[in-house]
Structures are given as C-alpha cells and as structure tokens.
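Undergrad: To start, I am sharing the structure in question, which I have written as structure tokens.
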Amino acid sequence: MKKLLEILGLIALIQGIAALVHQFTGWGWGVVRRVEFLDGFEIYAGIALVTLGFALFAAAESGKSG
Numbered sequence: 005m006k007k008l009l010e011i012l013g014l015i016a017l018i019q020g021i022a023a024l025v026h027q028f029t030g031w032g033w034g035v036v037r038r039v040e041f042l043d044g045f046e047i048y049a050g051i052a053l054v055t056l057g058f059a060l061f062a063a064a065e066s067g068k069s070g
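Last residue of the sequence shown? That's 70 in this note's numbering, and every number before it is there in order.
Written out as structure tokens, the structure is:
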C-alpha cells in the first residue's frame with residue numbers, strides 16, 4: 005500500500021507541476037490542460053494536485069512499513 009500511495013503521489017505531483025508550468029510559460033503537457041471543464045481553473049487544479057501529491061506522500065510515510 006505504501007508503494008501505491010507513493011506512485012499516486014508522484015503522478016499527482018508531476019501533473020500539478022506540469023499544469024502550473026503550462027499556465028505560466030505556455031510550454032507544457034499533462035492532463036489538466038486537456039480537461040475542458042477545468043478551463044480557466046488550471047492554476048487552482050495545479051495547486052490542488054501538488055497539494056494532493058504531498059498529502060499522499062505524507063500518508064505513505066505515516067503508515068506502517070510493509
């Protein structure tokens with residue numbers, strides 16, 4: 005379970021950073037810019053994904069090893 009949370013956290017972190025980089029520089033790839041209902045809310049979605057990534061890392065570290 006710890007590895008799964010770490011992998012999901014890494015994916016969320018990468019996608020959040022990609023959304024923020026795309027919004028501020030125009031260079032980009034990722035899922036957030038392709039989702040139409042997030043149009044105009046890319047910065048908020050990027051921040052939410054970065055926060056979710058850190059929360060998943062914290063949850064993975066707080067659990068029992070094994």
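Glycine included, C-beta positions come from ideal geometry on N, C-alpha and C.
Quick caveat: nothing in here was measured; it's all calculated off a predicted structure.
Between Ala64 and Lys6, how many whole angstroms is the CB-CB distance? I'm expecting something under 8 Å.
TA: That belief holds up - the Cβ atoms of Ala64 and Lys6 are roughly 5 Å apart, short of 8 Å.
Undergrad: Of all the options Gly44, Leu24, Leu56, which has the alpha carbon lying nearest to the alpha carbon of Gly50?
TA: Checked all of Gly44, Leu24, Leu56; the closest Cα to Gly50 is Leu24.
Undergrad: Any idea if Ala16 is buried or exposed, counting beta-carbon neighbours within 10 angstroms, 16 or more meaning buried?
TA: With 16 or more other Cβ atoms within 10 Å, it is buried.
Undergrad: For the candidate residues Arg37, Val54, Asp43, whose alpha-carbon lies nearest to that of Gly13?
TA: Closest option to Gly13, Cα to Cα, is Val54.
Undergrad: Could you spell out the range, first to last residue, of the alpha helix (DSSP H) harbouring Phe41?
TA: Unbroken run through Phe41: none, as it is neither H nor E.
Undergrad: Let me confirm a value: Asp20 is counted as buried when at least 16 other C-beta atoms fall within 10 Å, else exposed. Which label applies?
TA: Note that residue 20 corresponds to Gly in the displayed sequence, not to Asp. Looking at its Cβ environment, which holds 16 or more other Cβ atoms inside 10 Å, Gly20 is buried.
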